[in-house]
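Protein chains in written order, with my numbering: chain W, 529 to 640; chain X, 150 to 261.
See the structure below:
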């Protein structure tokens, strides 16, 4: 069966520090991968998606970047965190149209 | 913006059926309706999805009206663990860009 792992579960970082969140998927090949963010009291917003290694599409302009160095690895990064980057970050995978996306347990990021 | 409208909150007695409505009057002919739920501090959990026909799985049933402008998620025997925010989503996009646009959902509270 397929599983998705995200880490860390929680993270507290100072403003201006770098960020690296990692997501890996097991049990499937060539998945579509997604990064979402959920701000407090709001719905999920798609940040990035990837249909293959090295292929990244950005949905909204922001202070973050994403990379996909391996088929089942998706990384969310920032060089300098802002207060507005606080939130709940979720990675998801899917295999295409008419199939559901499945989410990881998320990383709760707090910026001080 | 989300293409669906849901009530903000609902209550249900434990052991009774929970019927969660959703309006999606602008849905296109090839767009699916997906339902997810999110328990506090966890990633969204996929429940069920459908296009035209009613669907049933081990978690729930999905009833879609003939004109596809609305649907109802049915939890046949609600338990306390079903307390969560339930999201009705119309799938937007194709080929990897099929992002899930989450609205504010319905907060379902199952009471003992």
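For every residue, glycine included, the Cβ atom is placed at its ideal position computed from N, Cα and C. As the structure is a computational prediction, the values presented were derived from the model and not from experiment.
Asked	Found
Quick check: residue 539/W and residue 638/W, are their CB atoms within less than 9 Å of each other?	yes
So if I threshold CB-CB distances at 8 Å, which residues from the region 582–607 of chain W count as touching chain X?	585, 587
Is it true that the CB of residue 233/X sits closer than 9 Å to the CB of residue 186/X?	yes
Which partner residues does residue 170/X have in the DSSP bridge list?	221/X
Have a look at the DSSP bridge pairing and note the partners of residue 636/W.	538/W, 616/W
Please confirm if residue 198/X has its CB atom under 9 Å from at least one CB of chain W.	yes
Straight-line CA distance for residue 550/W to residue 579/W?	17 Å
Using a Cβ-Cβ cut-off of 9 Å, state whether residue 215/X counts as contacting chain A.	Among the chains of the structure shown, chain A does not appear; the protein chains present are W and X.
Identify whether residue 257/X lies in helix, strand or coil by the three-state DSSP scheme.	strand
How about residue 585/W: is its Cβ closer than 8 Å to a heavy atom in the ligand FAD?	In the structure shown, the ligand FAD is absent, as is every other ligand, since no ligand is present at all.
Using only CA atoms, which one of 613/W, 599/W, 629/W lies nearest to residue 541/W?	613/W
Just to confirm before moving on: does the CB-CB distance between residue 634/W and residue 191/X stay below 9 Å?	yes
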